[in-house]
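Enquirer: Numbering-wise (our numbering), the sequence shown opens with residue -2 and increments by one.
Take a look at this one; I'll ask things after.
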Amino acid sequence: MTMLEIITKKKLRQALTAEEIRFFAKAAAEKSVPDYQLAAMLMAIRLNGMTDRETMELTLAMRDTGDIADLSSIPGIKVDKHSTGGVGDTTTLVLAPLVAACGAPVAKMSGRGLGHTGGTLDKLESVPGLSVTLSEKAFLRQVREIGVAVIGQSGHLAPADKTLYALRDVTSTVDSLPLIVSSILSKKLASGSDAIVLDVKTGSGAIMQRLEDSIALAECMVRVGQLAGKPMAAVITGMDQPLGTHVGNALEVKEAIDVLAGRAEGDLLEVSLMLGAVMLHLAGKAETTKDGETLMREAIRSGAGLRKLKEMIAAQGGDPRVCDDTALLPQAPVIRQIRCGKSGYVRRMDTMELGLTAQAMGAGRQRKEDDIDPAVGFVLPVRIGDKVGKDDVLCTLYANSVESADSAERRIRLAVEIGVLPCPRVPNFYAIVTKDGTRMLGAKA
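Written out as structure tokens, the structure is:
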């Protein structure tokens, strides 16, 4: 077969065989055909779609182009969580130690932030001394010994996706459901966990901003996961405002520590508990998600979750004292409180703009090779639906210069709308998708 024959078949809306899909994935990984042929194939998929079976075959073919982690030496059902990305989304740093403290091993490979979304690895690296680069042997040993590790993805994980992802960005094929699903799941399946919980965001700070698109993505990923023999569930969660109140790498670590220490309530805790409860259920540690949430709340109350985070930080070379004294985390030289300036109700947030503001301050990167400043960002205590007075604090900026703080203040004031009329709070949860179907959830704030 040739690449041209495969392109022609998909152009004519015909289903591809597993062999043809494997040829395409291998060609992308090895770069054995010209980029223009790969780009033509991506566009044919974007325009004509793929069946669930084709998407599953593409996912497995992309997975098989690189390394596949073998976690069989770790006892128990290994469970992972993947988020489609958001702002102030610090759930991994909360739920990974909590789930591990409840007896389910978490062997997690995470990514770095790019664009308006933060990256778990960048947040962890704001802890002095902590390394997210471990050998496979050290990674497996750590999970066996303490139940949790969060490290960077191998450079040889699904290399076909690396090629196709770069081409999708410049060929207007990013919004193809089969390509999104195969990109996410090929790497997740290669990471070796036995079960996966997907946190699919929806709202102004999400990749999928419309609820129906987020549900369609979640449903497709769960179906493809089932076809691939991987237990999977998805929760549709809100991203119409930052999930946590802290945005920025060291700031988000601080908030995660505050949650695990029982000092902070709110949306970050609620979403972490929901996702962690589903993880514990899939791992066989909780009969129901309600039981899983109870276990996690007890791990917070007893301090077991925070102790597990300390163990993980110490095992990866970091300073565990940050869990007792968050002032040991990187500190910004310029701290500025911004007042609301008028009374009323917080009606709307442009969450993507808030994420881009943090990026411009130095908390994120535009290119993968860019350096970040772990100390910068902001704390935004107000939530949509809050009543505020003109002298109330809108946010606190943590900047590396006065000029950066000035720019961030202007952008945040434009991104947060305060109006005279009351408005409802936005939901944290919209739906949960399992192999048994989609269940819509009430508007839980």
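Using N, Cα and C, we set each Cβ at its ideal position, and we do this for glycine too.
Measuring alpha carbon to alpha carbon, tell me which residue in V96, D264 and V256 is nearest D237.
Expert: Walking along the sequence shown from the start, residue 237 turns up at place 240. Nearest C-alpha to D237: D264.
Enquirer: Decide yes or no for the touch test of the region 201 to 214 against the region 73 to 88: beta carbon pairs closer than 8 Å, at least 3 of them.
Expert: yes
Enquirer: With H, G and I counted as helix, E and B as strand and the rest as coil, what does DSSP make of A442?
Expert: What you label residue 442 is simply residue 445 of the sequence shown in a count that begins at 1. Unreliable positioning characterises A442 in this predicted model, as indicated by a pLDDT of 35, which lies under 50. A coordinate reading is not provided.
Enquirer: Cα separation between V145 and K251?
Expert: Within the sequence shown, residue 145 is the residue found at index 148, counting from 1. Within the sequence shown, residue 251 is the residue found at index 254, counting from 1. Taking the straight line from one Cα to the other gives about 19 Å.
Enquirer: Straight-line CA distance for L13 to F136?
Expert: Walking along the sequence shown from the start, residue 13 turns up at place 16. Walking along the sequence shown from the start, residue 136 turns up at place 139. So the two alpha carbons sit approximately 38 Å from each other.
Enquirer: When we look at the beta-carbon of T130 and count the other beta-carbons within 10 Å, is it buried (16 or more) or exposed?
Expert: Stepping through the sequence shown from its first residue, residue 130 is reached at position 133. Label assigned to T130: exposed.
Enquirer: What is the DSSP secondary structure of D255, counted as helix, strand or coil?
Expert: For the purposes of this step, residue 255 is identified with residue 258 of the sequence shown, where counting begins at 1. Three-state DSSP puts D255 in a helix.
Enquirer: Evaluate contact between the region 53 to 67 and the region 171 to 190, counting only Cβ atoms and requiring at least three cross-stretch pairs below 8 Å.
Expert: yes
Enquirer: Could you compute how far the alpha carbon of L306 sits from the alpha carbon of T5?
Expert: For the purposes of this step, residue 306 is identified with residue 309 of the sequence shown, where counting begins at 1. For the purposes of this step, residue 5 is identified with residue 8 of the sequence shown, where counting begins at 1. Straight across, the Cα-Cα distance linking L306 with T5 is about 52 Å.
Enquirer: Please go through the same chain and pick out, in chain order, the residues whose beta-carbon is closer than 7 Å to the beta-carbon of A311, but skip the five residues on each side of it.
Expert: Taking the first residue of the sequence shown as position 1, residue 311 is located at position 314. Within the same chain, A311 has close Cβ partners P317.
Enquirer: Whose C-beta lies closer than 8 Å to the C-beta of K441 among residues of the same chain, with five residues either side of it excluded?
Expert: Taking the sequence shown and counting its residues from 1, the one referred to as residue 441 is at position 444. Below a pLDDT of 50, predicted positions are generally treated as unreliable, and K441, at 41, falls in that range; no measurement from the model is reported.
Enquirer: So, Q150 versus G108, is the Cβ gap smaller than 8 Å?
Expert: As a working mapping, residue 150 is identified with position 153 in the sequence shown. As a working mapping, residue 108 is identified with position 111 in the sequence shown. Cβ distance < 8 Å, so Q150 and G108 count as in contact.
Enquirer: Under 8 Å: do the region 405 to 413 and the region 339 to 358 share three or more Cβ pairs, one atom per stretch?
Expert: yes
Enquirer: By a C-beta neighbour count over all protein chains shown, 10 Å radius and 16 as the cutoff for buried, is S132 buried or exposed?
Expert: Translated into the one-based positions of the sequence shown, residue 132 becomes position 135. So S132 ends up on the exposed side.
Enquirer: State buried or exposed for G289, treating a residue as buried only when at least 16 other CB atoms are found within 10 Å of its CB.
Expert: On the sequence shown, position 292 is the one that residue 289 refers to. Buried: at least 16 other Cβ atoms inside 10 Å.
Enquirer: What residue range does the beta strand (DSSP E) around T234 cover?
Expert: Taking the first residue of the sequence shown as position 1, residue 234 is located at position 237. First-last of the beta strand (DSSP E) with T234: M229 to G235.
Enquirer: Grab me the residues of R19's own chain with a C-beta within less than 7 Å of its C-beta, minus the 5 sequence neighbours each way, in chain order.
Expert: Counted from its first residue, the sequence shown places residue 19 at position 22. Counting only Cβ-Cβ distances below 7 Å, and skipping sequence neighbours, we find A58.
Enquirer: Between which two residues does the alpha helix (DSSP H) carrying R344 extend?
Expert: Residue 344 sits at position 347 when you count from the first residue of the sequence shown. Here R344 belongs to no alpha helix (DSSP H); instead the beta strand (DSSP E) covers G341 to M346.
Enquirer: Just checking my contact of L292 with C99 at CB under 8 Å: how many whole Å lie between their CB atoms?
Expert: The residue you call residue 292 lines up with position 295 of the sequence shown. The residue you call residue 99 lines up with position 102 of the sequence shown. Rounded, the Cβ-Cβ distance is 5 Å, consistent with contact.
Enquirer: Less than 8 Å between the beta carbons of V147 and A93, yes or no?
Expert: Translated into positions along the sequence shown, residue 147 becomes position 150. Translated into positions along the sequence shown, residue 93 becomes position 96. Contact flag set, yes.
Enquirer: My output table needs one value for M(-2): the three-state DSSP class, helix, strand or coil.
Expert: As a first step, residue -2 must be located in the sequence shown, where it is residue number 1. Of the three classes helix, strand and coil, the one that applies to M(-2) here is coil, per DSSP.
Enquirer: Could you tell me the distance, in whole angstroms, from the CA atom of S169 to the CA atom of D32?
Expert: Position 172 of the sequence shown, counted from the first residue, corresponds to residue 169. Position 35 of the sequence shown, counted from the first residue, corresponds to residue 32. The straight-line gap from Cα to Cα measures roughly 14 Å.
Enquirer: Tell me which same chain residues have a C-beta within less than 6 Å of the C-beta of K432, skipping the five on either side of it?
Expert: Taking the sequence shown and counting its residues from 1, the one referred to as residue 432 is at position 435. Hits under 6 Å: Q223.
Enquirer: List in chain order: all unbroken alpha helix (DSSP H) runs of 4+ residues lying wholly within the region 10 to 89.
Expert: 15 to 27, 32 to 45 and 49 to 60
Enquirer: Helix, strand or coil: which one does DSSP assign to V417?
Expert: Residue numbering aside, residue 417 sits at position 420 when the sequence shown is read from its first letter. In the structure shown, V417 sits in coil (DSSP, three-state: anything other than H, G, I, E or B).
Enquirer: Pick from G434, E414, T242 and M358: whose alpha carbon is nearest that of D403?
Expert: If you number the sequence shown from 1, residue 403 lands on position 406. Out of G434, E414, T242 and M358, M358 has the C-alpha closest to the C-alpha of D403.
Enquirer: Looking only at C-alpha atoms, which of V219, L240 and P239 sits nearest to A230?
Expert: As a working note, residue 230 is residue 233 in the sequence shown. Comparing Cα positions, the closest option is V219.
Enquirer: Would you report the Cα separation of D119 and E216, rounded to the nearest angstrom?
Expert: Stepping through the sequence shown from its first residue, residue 119 is reached at position 122. Stepping through the sequence shown from its first residue, residue 216 is reached at position 219. Using only the alpha carbons, I get a separation of about 30 Å.
Enquirer: Check whether the Cβ atoms of T52 and V221 lie closer than 8 Å to each other.
Expert: Stepping through the sequence shown from its first residue, residue 52 is reached at position 55. Stepping through the sequence shown from its first residue, residue 221 is reached at position 224. Closer than 8 Å, so yes.
Enquirer: Where does K307 fall in DSSP's three states?
Expert: Locating residue 307 in the sequence shown gives position 310, where the first residue counts as 1. Residue state, collapsed to three classes: helix.
Enquirer: Beta-carbon within less than 6 Å of L270's beta-carbon, same chain only, minus the 5 sequence neighbours each way: which residues are those?
Expert: Locating residue 270 in the sequence shown gives position 273, where the first residue counts as 1. Cβ neighbours of L270 beyond the five flanking positions: E290 and M293.
Enquirer: Which residues does DSSP list as the beta-bridge partners of Y395?
Expert: One-based indexing of the sequence shown puts residue 395 at position 398. Partner(s): I332 and G374.
Enquirer: Can you check which of these residues, M38, V275 and P102, is closest to I71 by C-alpha distance?
Expert: One-based indexing of the sequence shown puts residue 71 at position 74. Nearest C-alpha to I71: P102.
Enquirer: Flag this pair as yes or no: are the beta carbons of V194 and K75 separated by less than 8 Å?
Expert: In the sequence shown, counting from the first residue as 1, residue 194 sits at position 197. In the sequence shown, counting from the first residue as 1, residue 75 sits at position 78. Their beta carbons are not under 8 Å apart, which means V194 does not touch K75 by this criterion.
Enquirer: Where do the N-terminal and C-terminal ends of the beta strand (DSSP E) with S107 fall, by residue?
Expert: As a first step, residue 107 must be located in the sequence shown, where it is residue number 110. It spans V103 to S107 - the beta strand (DSSP E) in which S107 sits, taken as one unbroken run.
Enquirer: Could you give the DSSP three-state label for A261: helix, strand or coil?
Expert: Here residue 261 corresponds to residue number 264 of the sequence shown, with the count starting at 1. Coil at A261, not helix or strand.
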